[in-house]
Amino acid sequence: MRYVFSLFVTLLLACGSVLANGPLLQKLQQIKEISGIRELKVQPYTEYYEFWYEQPIDHNNPSKGTFKQRVLLGHRDFNAPMVAILEGYGIYSPAESELSKLFKTNQLTIEHRFFNNSKPEGETPWTDLTLKQAATDQHEIIQALRQKIYPNTKWISTGISKGGQTTVYHRYFYPQDVELSVPYVAPINLEKIDPRLEKFLSKLGGTPENRKLLEGGGKDIKWQIFDFQKRCLENMDKLMPLMQELTQAKGYSFNKVGGTERAFKLTILEFPFAFWQWGNNINEMPQPEEDDYNEIFNYLVKVSSPDFFDDKAIENLQAFYYAALTETGMYAYNTKPFKKFFKDEPEPIITFDFAMPKGYENAPFNTQQLQDINHWLQTNAENILFIYGGSDPWSATAVDLKKNDKCRKYIKANMDHKCRIASFENLTRSAIIKVLKSWLTGTEVEEEIEEVLIY
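The numbering used here applies: residue 19 is where the sequence shown begins, and numbers increase by one.
Structure (structure tokens):
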């Protein structure tokens, strides 16, 4: 998901000079797969550790070797509930999560296999990057800690965006690992290029309801966005020197996408998705009568940064692209509305195949697995509460629970990809928390909760 591309930052964490020799540390040291334990200082936890958990590269064939997976553990109390954050990428932050704050829990954070430092040495074995292998990584860590350190606590799994997907997939393969799950803004795509994404985006900003969300005046917001894209493409001669200047200043390279000019065109095509995903302000958009091309360029790259298509950025997130284009699904760019500017493109649909690892460009996509997961969500899945922002393009492929009343879905209509439980108005937020508490304690959900905003 696009939001993650700006999230890989160096985290400066304060480290204790000497490991506290308490019962938690002793228990961690007794798990043979754990090594490299390092104490961190993260509030409000009484103890906080980083460690590495040794995993098979292939859980079905241990002879392939192992890799070490980065894990963080924040501790309050051995009897407090545990929130397990299942990252879809590298670990973004050691900080206390929304759920940990709400329920005063311990917190476990697991980096996804083959991201950041959780990689095997040498060439990445891409065929071992699967939903099942990743879910088994998480299963092994959760079970080790549940059995040997936290046997008397209730567990909540959670994740954001691709981490939300990861949370769903883990529950699908290992439904008994945790008592409940909260995936935030998690797309449940059903195809390699799910057409619902383009359909949703083509309508977003074109209805009276959408116009109330972002006041811009004049045309429907979707047409203002379209006109801005068209204006950028029509004035490539004026904007490309600015793109070249930015490329040189930032040290970008765009070989994987086919050069700087194509990267700039892709940046323009990405603009609507980025605009809606992050809730940008239409009032900041340069007006049609303005001819300050520096202002036009600056607004474009503020909303849709070209670094999305930089060679290093693509390489750093190649595990995301491999997963998206073999198992989890992605969106694409339709050039038909701007066909006169894309005459050199062989196809009217531009996919992200350019981001695949070399030699895997034609890897098959596992559509059946997505269909199976979707069927499970609509029938047998239980105690999963989904959170979505209604103006987030990824909500186009939000879960459809149909008649499965064992799970819940809440949508905040005027929110983007940053939607969290705290984003909802008081009544709905209270209902969400009551549902989660009822699942956590094993009590019945009060009937009046059913009448609150549930989709």
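Even glycine gets a Cβ: it sits at the ideal position worked out from N, Cα and C.
Cβ-Cβ separation between E65 and L90: approximately 12 Å, too far for a contact (criterion under 8 Å). The DSSP assignment places 213 to 221, 226 to 231, 239 to 252 as complete runs of the alpha helix (DSSP H) inside the stretch 197 to 261, in order along the chain (cut-off: 4 residues). About 5 Å separates the beta carbons of E129 and I109, which is inside the 8 Å limit, making them a contact pair. In summary, A102 is buried, with 16 or more beta-carbon neighbours lying within 10 Å of its beta-carbon over all protein chains present. Assigned with DSSP and collapsed to three states, A102 falls in strand. T461 places its beta carbon 8 Å or farther from that of R214. Looking at T285, P205, Q305, Y202, the one whose alpha-carbon comes closest to that of D245 is Q305. Cβ contact annotation for P366 (same chain, cutoff 8 Å, sequence separation greater than five): N352, T353, K354, K357, F360, in chain order.
When the alpha-carbon of W412 is set against those of Q183, Y107, F338, the nearest one is in Q183. Between L198 and N432, the CB-CB gap reaches or exceeds 8 Å. Per DSSP, Y71 is one residue of the beta strand (DSSP E) stretching across 65 to 74. Per DSSP, F372 lies in no alpha helix (DSSP H) segment and is marked neither H nor E. Using a 10 angstroms sphere on the CB of T459, the tally of other CB atoms stays under 16, which defines it as exposed.
Every beta strand (DSSP E) of 3 residues or more that sits fully in the stretch 143 to 205 is shown, in chain order, as 173 to 178, 198 to 202. Using a Cβ distance threshold of 8 Å, L388 and L208 count as a contacting pair. Following the DSSP letters along the chain, one finds L43 inside the alpha helix (DSSP H) bounded by residues 41 to 47.
At the C-beta level, H157 and Y192 come within 8 Å of one another. Here the C-alpha atom of I159 lies approximately 42 Å from the C-alpha atom of S220. Q336 sits away from P382, with the two beta carbons spaced by 8 Å or more. If you draw a straight line from the Cα of W296 to the Cα of P138, it is about 34 Å long.
CA-to-CA, the gap between K248 and K430 works out to about 31 Å. For the pair F291 and Y349, the CB atoms are nearer than the 8 Å cut-off. Across the set L445, D371, T171, S115, the C-alpha of S115 shows the shortest separation from the C-alpha of V200. Shown here, I439 sits in a helix according to DSSP, grouped into three states. Note that the C-beta distance between D329 and S271 is below 8 Å. The beta carbon of T171 sits closer than 7 Å to the beta carbons of N97, A98, P99, M100 from its chain, once the five residues preceding and following it are set aside; these are given in chain order. When the five nearest sequence neighbours on each side are left out, the beta carbons in the same chain lying within less than 6 Å of the beta carbon of I178 are those of Y202, in order along the chain. In chain order, A350 place their CB closer than 6 Å to the CB of I211, counting only its own chain and leaving out the 5 sequence neighbours on each side.
In this structure, G276 is the residue among I206, E216, G276, V321 with its C-alpha nearest to the C-alpha of F372. Shown here for P205: same chain residues with a beta carbon closer than 6 Å to its own, the five before and five after excluded, namely W412, T415 in chain order. In terms of Cβ geometry, D146 and I55 do not form a close pair [threshold 8 Å].
According to the DSSP secondary-structure assignment, K427 is paired through a beta bridge with F404. No Cβ-Cβ contact shorter than 8 Å links K427 with G407. Boundaries of the beta strand (DSSP E) harbouring K86: 84 to 93, taken from the DSSP string.
Q389 carries a helical assignment under DSSP once its states are collapsed to helix, strand and coil.
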